[in-house]
Amino acid sequence: MKKISKTLLAKDIVAQSRTDLALQQYHSITPEQIRAFEKKLIGTVTLPTDPDYNNDRQVWNPAFQDYPEIIVYCETIQDVRASLAFAREHDLWVVARSGRHSTAGYSVNNQMVLDTSKMRYVTVDPEVPMAYVGPGTPFKMLNSELNSYHLHVPGGACQDVCVAGFMMGGGYGFTSRRYGMACDNVLGVSVMLWDGSIVIADKNTNSDLFWAIRGGTGNNFGVLLEIRYQLHPLFMVWGCHITWPLDKAAKALEFLQANYMSTCDDDRFGAYIFLAFQGDKKVLLVSALYDGTAEEGNAFIQPLLSEEIGGEMGPDDRNYGTYQEINSWLYDDKYDIPVVPDQAREDKQAGYIKRQLNAGEWQRVVDYLDSTPNAYGAVAIEPYGGAINRMPLGKEGNAFIHRDVSLNFYVDVFWVSEEEKEIVVPWLDGFMELMTEEGYFIDRVYQNYPRRTQKNYRWQYWGEYFNSLLFVKRKFDPGNFFHYQQSISPVPDDAPPDIIRDTSESIFDDMTITFETYSNP
53 MKKISKTLLA KDIVAQSRTD LALQQYHSIT PEQIRAFEKK LIGTVTLPTD PDYNNDRQVW
113 NPAFQDYPEI IVYCETIQDV RASLAFAREH DLWVVARSGR HSTAGYSVNN QMVLDTSKMR
173 YVTVDPEVPM AYVGPGTPFK MLNSELNSYH LHVPGGACQD VCVAGFMMGG GYGFTSRRYG
233 MACDNVLGVS VMLWDGSIVI ADKNTNSDLF WAIRGGTGNN FGVLLEIRYQ LHPLFMVWGC
293 HITWPLDKAA KALEFLQANY MSTCDDDRFG AYIFLAFQGD KKVLLVSALY DGTAEEGNAF
353 IQPLLSEEIG GEMGPDDRNY GTYQEINSWL YDDKYDIPVV PDQAREDKQA GYIKRQLNAG
413 EWQRVVDYLD STPNAYGAVA IEPYGGAINR MPLGKEGNAF IHRDVSLNFY VDVFWVSEEE
473 KEIVVPWLDG FMELMTEEGY FIDRVYQNYP RRTQKNYRWQ YWGEYFNSLL FVKRKFDPGN
533 FFHYQQSISP VPDDAPPDII RDTSESIFDD MTITFETYSN P
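Each residue of the sequence shown is one higher than the one before, starting from 53 at the first, in the numbering used here.
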């Protein structure tokens, strides 16, 4: 006598016990259709009537509150295919989500969230060296695995971030000046298109999609199933924290930009730089990593500690260890700047600085930061140069086009009440107005730090390569199945005249798609 699978039986019992009728508020989906869909999955479904729904619908930033009709936790490729088929059948808008860290809340919607966070794995081939990585793999897992092989790929300083969205938006980390953005280290990807078919994209196959998905952001072309990363030898590194009181910050920032960013020849140095409250006082903090010995690292940062520049280091502000240890020490353990309350809401905006700013100009930045209306406003700087800036543009590069800048600059604000929001968000807007009107920013923005109020995003993120992205978008997703508020789409005909339109020709023109032999749904 054949026994019923306990897994299927359990799924059926749970499904029948839920009030699936909640979905019928929006789409005419019956409980029987939900149960039939669930039985096709290895993964699980969360509905609005489930007890975990409010946790499952949340993204990292609670400022964004969406209420999906259905959340699907996919564990296999077939789960993704079944989810897309269900969405097509019931006309559901699909947004893919891996790590929930979209800074503008674009990894959730009010219809179907296709969650790939359980598709997490790392398989390393040390002879190449390369790694096969699932889209929902967080960097703490990837770094731990690569650490065993003394190998590395640039990743997020925040190790809870997952690889998929991070890479597709570019991906800056402590070692990006050494090895480039995360997207620069991709050998190939596997992607499921809107109809359930699967394509490989690399330099030889679907090379236009390979170009576009590295910097073109997620939820545009398909669901990312796997990344194949080029790896680099890296194991023991040195790290440090250097601080300045706010009255010395402007001169230090001028010196840092002139000597430790795009004009710095030694790309073994990488850092995050902050202007924010540390405890009860505002400081300039440099959290730096150096790919070298402790002696080499100390020698490299010594000019910052000179009497003229005035950097300060305590006895516990230097450390030597594996990349994973130093990344955690720099970002998680040593300094939390600023300390933000649990459940605080966040808004942020970024801009690129290309020209060298003088001390007076940096002083205006410092003075504005000093006017923060609460203890959580912060400036962060990501130094560019090195391998980031050496990557070519055009077909030999990728859709991350910001290759000729000194630094990425962004401002974070946080609030815990609506009254506080009404103060800190205008303060952020004023900061952005200062940086723009004074000519500090160029007209480009890092696409991994989107803000919903940015209406010129097509030009700011991709400039004269937007029409090339639009060609790839129309080729692989002709019906615009994958979309979100700032996805790749033509400028509307009725857009105001200050919305910049890309007038360049696409660098691609071949409409041929190469499908995998196993990809037929």
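Built from N, CA and C at the ideal position, the CB exists for glycine as well.
Review point. Among L99, L283, A264, G222, which has the Cα closest to the Cα of F518?
Key: A264
Point to revise | Boundaries of the alpha helix (DSSP H) in which P297 is found, first to last residue | key: It is not in any alpha helix (DSSP H) - P297 instead sits in the beta strand (DSSP E) that spans 288-297.
Practice item. Check the DSSP bridge columns for K400 and list the partner residues they point to. Key: D464
**Study point:** Same chain only: Cβ atoms within 7 Å of Y462, ignoring 5 sequence neighbours per side
**Key:** K400, Q401, A402, A432, Y501
Exercise for review: Please report the Cβ distance between Q499 and T269, rounded to the nearest whole angstrom; I am assuming they are in contact, meaning their Cβ atoms lie under 8 Å.
Suggested key: 5 Å
Point to revise | Rounded C-alpha distance that separates L194 from S339 | key: 22 Å
Check your understanding: When the distance is taken between beta carbons, is V124 closer than 8 Å to V97?
Key -> yes
Review point. Do E398 and F466 have their C-beta atoms closer together than 8 Å?
Key: yes
**Study point:** chain E within 8 Å of D317, Cβ atoms only
**Key:** The question asks about chain E, but that chain is absent: this structure has only one protein chain.
Point to revise | Cut-off 6 Å between Cβ atoms - residues of its own chain near F493, not counting five sequence neighbours on either side | key: G403, M487
Check your understanding: So G248 is in the beta strand (DSSP E); what residue range does that whole segment cover?
Key -> Where G248 is concerned, there is no enclosing beta strand (DSSP E), given that its DSSP letter is neither H nor E.
Check your understanding: Is V213 near the ligand SAM, with its Cβ less than 7 Å from a heavy atom?
Key -> For the ligand SAM, the structure offers nothing, since it holds no ligand at all.
**Study point:** Option nearest D456 by Cα separation, candidates A396, L382, C292, S314
**Key:** S314
Point to revise | Reference K473, options S135, Q512, P444, Y428, closest by Cα | key: Y428
Check your understanding: Are the region 302-313 and the region 236-254 touching by the rule of at least three beta carbon pairs closer than 8 Å?
Key -> no
Review point. Based on Cα-Cα distance, which residue from D481, Q415, I325, I294 lies nearest to G366?
Key: I294
Review point. Short check: CB of R370 to CB of Y342, under 8 Å?
Key: no
**Study point:** Collapsed DSSP secondary structure at Y224 in the structure displayed
**Key:** coil
Review point. Are the CB atoms of N379 and Q211 nearer to each other than 8 Å?
Key: yes
Check your understanding: Going by C-alpha distance, which of Y324, G240, Y231 is nearest L286?
Key -> Y231
Review point. What is the residue span of the beta strand (DSSP E) that Y164 lies within?
Key: First, the amino acid is wrong: residue 164 is Met here, not Tyr. Looking at the DSSP string, the run of the beta strand (DSSP E) that includes M164 is 164-167.
Review point. What's the gap between the Cα of K54 and the Cα of I94?
Key: Unreliable placement is indicated for K54, whose pLDDT of 40 sits below 50; the coordinate value is still reported in the next sentence. Spanning the two alpha carbons is a distance of roughly 21 Å.
Point to revise | Extent of the continuous alpha helix (DSSP H) run through P83 | key: 83-91
Point to revise | Which of helix, strand or coil DSSP assigns to K170 | key: coil
Review point. Where do the ends of the alpha helix (DSSP H) carrying P478 lie?
Key: 470-489
Practice item. Tell me P285's beta-bridge partners as DSSP assigns them. Key: L203
Exercise for review: Using DSSP bridges, identify the partner residues of A340.
Suggested key: C292, A323
Check your understanding: Counting along the chain, where does the alpha helix (DSSP H) carrying R140 start and finish?
Key -> 129-142
Check your understanding: Buried or exposed: where does Y324 fall if 16 or more other Cβ atoms within 10 Å of its Cβ makes it buried?
Key -> buried
Review point. Which residues share a DSSP beta bridge with V524?
Key: Bridge partners of V524: none, in fact.
Practice item. Put Q330 into one of helix, strand or coil per three-state DSSP. Key: strand
Exercise for review: Return the first residue and the last residue of the beta strand (DSSP E) that Y125 is part of.
Suggested key: 122-125
Review point. Apart from the five residues on each side of it in sequence, which residues of its chain come closer than 8 Å, Cβ to Cβ, to R416?
Key: L486, E490
Point to revise | Own chain, CB closer than 6 Å to G127, minus 5 neighbours either side, in chain order | key: Residue identity differs from the one stated: residue 127 is Glu in this sequence, not Gly. Once the five neighbours on either side are set aside, the close Cβ partners of E127 are I94, G95, K170.
Practice item. Measure the alpha-carbon distance for S57 versus G222 and round it to whole angstroms. Key: Per-residue confidence for S57 stands at a pLDDT of 43, beneath the threshold of 50, marking its modelled position as unreliable; the derived number appears in the next sentence. Whole-angstrom Cα-Cα distance: 44 Å.
Practice item. Starting from the C-beta of K300, find all residues in its chain whose C-beta is less than 6 Å away, skip the five residues before and the five after it, and write them out in chain order. Key: G362
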